[in-house]
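Residue numbers (the numbering used here): 1310 to 1561. We treat Cβ as the ideally placed atom computed from N, Cα and C, and that holds for glycine.
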Ligand code: BGC
């Protein structure tokens, strides 16, 4: 079954139809710049443009960079505060006239990694981190997602962890890879102390450069780079569009 996956990010809104068996994008993705200001209404307008430009009609799954419960946005750490309380699912369904699911962006990426990427067949407790503008987290227990975890916001040295250890902090503070790895390592020790996962998957654009910072990491948990890279957000969002598939069972 094909579902159209949309990944809403700070700089771009991307989408493509996804084969939810293989996780492959069946057509080239469409990317349109995130509108500025990124009000919820403007985001809906651009997301709809992505779907229309791709010529898609049918079910849609959408990843959004905030806590999302029952299609309603609950938080706004790195996005326009007007999004809080916005019924994103309903707004998209109204315009597209198709069933839509909306999930947290890191949860979408985690679903894809667990099914087709670095976490496949992995039982136990798996934590996926997406390092980008913020730190997104998705937590899996026996292959099942615990939705909307926000471990990017635990406090480290009196600051929101994502402020110190997201990829945007590396760029903002002009850190060397070793310096950045030090900050990330401190964060990983904190989360492993709180959660004791069996595996940590590091995603986000930075995961393509894992050889630059992985050698400096000292966490006791096995840490691996994500395998799906750019496509994880889109593929996982599509997967979330089919409820029975989103329940990734590894031990089948
Ligand atoms: C948000 C999360 C989101 C993450 C990555 C954080 O600031 O609180 O909901 O998953 O950024 O976009």
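**OP:** Measuring alpha carbon to alpha carbon, tell me which of 1440, 1521, 1323, 1334 ends up nearest residue 1475.
**Re:** Residue 1475 sits at position 166 when you count from the first residue of the chain shown. It is 1440.
Subject >> residue 1445 and residue 1470 closer than 8 Å at C-beta >> reply: Position 136 of the chain shown, counted from the start, is the residue given in the question as residue 1445. Position 161 of the chain shown, counted from the start, is the residue given in the question as residue 1470. No, the Cβ-Cβ distance between residue 1445 and residue 1470 is not below 8 Å.
Original post:
Who are the Cβ neighbours of residue 1531 in its own chain at under 6 Å, not counting the five residues just before and after it?
Top reply: For this step, residue 1531 is matched to residue 222 along the chain shown. Scanning its chain for C-beta atoms nearer than 6 Å, with the 5 sequence neighbours on each side dropped, one finds around residue 1531 the residues 1508, in chain order.
Original post:
Cα separation between residue 1397 and residue 1550?
Top reply: Mapped onto the chain shown, residue 1397 falls at position 88. Mapped onto the chain shown, residue 1550 falls at position 241. Taking the straight line from one Cα to the other gives about 14 Å.
Original post:
Just curious, the beta strand (DSSP E) that residue 1419 is in, first and last residue?
Top reply: Locating residue 1419 in the chain shown gives position 110, where the first residue counts as 1. Unbroken run through residue 1419 is the alpha helix (DSSP H), 1414-1425; no beta strand (DSSP E).
Original post:
Which residues mark the beginning and the end of the beta strand (DSSP E) in which residue 1325 is found?
Top reply: Numbered from 1 along the chain shown, position 16 holds the residue referred to as residue 1325. First-last of the beta strand (DSSP E) with residue 1325: 1321-1328.
Original post:
Smallest Cα separation from residue 1447: which of 1479, 1368, 1504?
Top reply: Locating residue 1447 in the chain shown gives position 138, where the first residue counts as 1. That would be 1504, whose Cα lies nearest to the Cα of residue 1447.
Original post:
Can you give the Cα-Cα distance for residue 1559 and residue 1418, rounded to whole angstroms?
Top reply: On the chain shown, residue 1559 is found 250 positions in, with the first residue counted as 1. On the chain shown, residue 1418 is found 109 positions in, with the first residue counted as 1. Low confidence applies here, because residue 1559 scores a pLDDT of 43, under 50, leaving its location unreliable and the question unanswered by this model.
**OP:** State the CB to CB distance for the pair residue 1334 and residue 1482, rounded to an integer number of angstroms; the pair is presumed to be in contact (CB under 8 Å).
**Re:** Position 25 of the chain shown, counting from 1, holds the residue named residue 1334. Position 173 of the chain shown, counting from 1, holds the residue named residue 1482. Rounded, the Cβ-Cβ distance is 34 Å, inconsistent with contact.
Subject >> Under the three-state DSSP convention, the category residue 1331 falls into >> reply: Counting from 1 along the chain shown, the entry for residue 1331 is found at position 22. Coil.
Subject >> Endpoints, the alpha helix (DSSP H) within which residue 1522 is located >> reply: In the chain shown, counting from the first residue as 1, residue 1522 sits at position 213. 1519-1522 is the span of the alpha helix (DSSP H), which, as asked, contains residue 1522.
Original post:
Should residue 1548 and residue 1421 be called a contact, given that it needs their Cβ atoms to be closer than 8 Å?
Top reply: As a first step, residue 1548 must be located in the chain shown, where it is residue number 239. As a first step, residue 1421 must be located in the chain shown, where it is residue number 112. Taking 8 Å as the Cβ cut-off, residue 1548 and residue 1421 qualify as a contacting pair.
Original post:
Since residue 1447 is in the beta strand (DSSP E), which residue starts that stretch and which ends it?
Top reply: Counted from its first residue, the chain shown places residue 1447 at position 138. Per DSSP, residue 1447 belongs to the beta strand (DSSP E) from 1444-1450.
**OP:** Would you mind stating whether residue 1339 and residue 1324 have Cβ atoms separated by less than 8 Å?
**Re:** Residue 1339 sits at position 30 when you count from the first residue of the chain shown. Residue 1324 sits at position 15 when you count from the first residue of the chain shown. Yes.
Original post:
For residue 1460, which option in 1514, 1317, 1376, 1370 has the closest C-alpha, if you only look at C-alpha atoms?
Top reply: Here residue 1460 refers to the residue found at position 151 of the chain shown. Cα-wise, what sits closest to residue 1460 is 1376.
**OP:** Kindly examine ligand 1 and report whether one of its heavy atoms sits closer than 7 Å to the Cβ of residue 1339.
**Re:** Taking the first residue of the chain shown as 1, we reach residue 1339 at position 30. No, since every heavy atom of ligand 1 falls outside the 7 Å radius drawn around the Cβ of residue 1339.
Original post:
Hey, residue 1522 and residue 1497: beta-carbon distance below 8 Å or not?
Top reply: To locate residue 1522, count along the chain shown from 1; it is residue 213. To locate residue 1497, count along the chain shown from 1; it is residue 188. Contact: no.
Original post:
Where do the ends of the alpha helix (DSSP H) carrying residue 1476 lie?
Top reply: Start at 1 with the first residue of the chain shown, and residue 1476 comes out as number 167. Unbroken alpha helix (DSSP H) run through residue 1476: 1476-1481.
Subject >> Cross-strand partners of residue 1439 (DSSP beta bridge) >> reply: As a working mapping, residue 1439 is identified with position 130 in the chain shown. Beta-bridge pairing links residue 1439 to 1445, 1512.
**OP:** Compare the Cα-Cα distances from residue 1413 to each of 1455, 1535, 1516, 1351 and report the closest residue.
**Re:** Reading the chain shown from its first residue, position 104 is the one you call residue 1413. Comparing Cα positions, the closest option is 1455.
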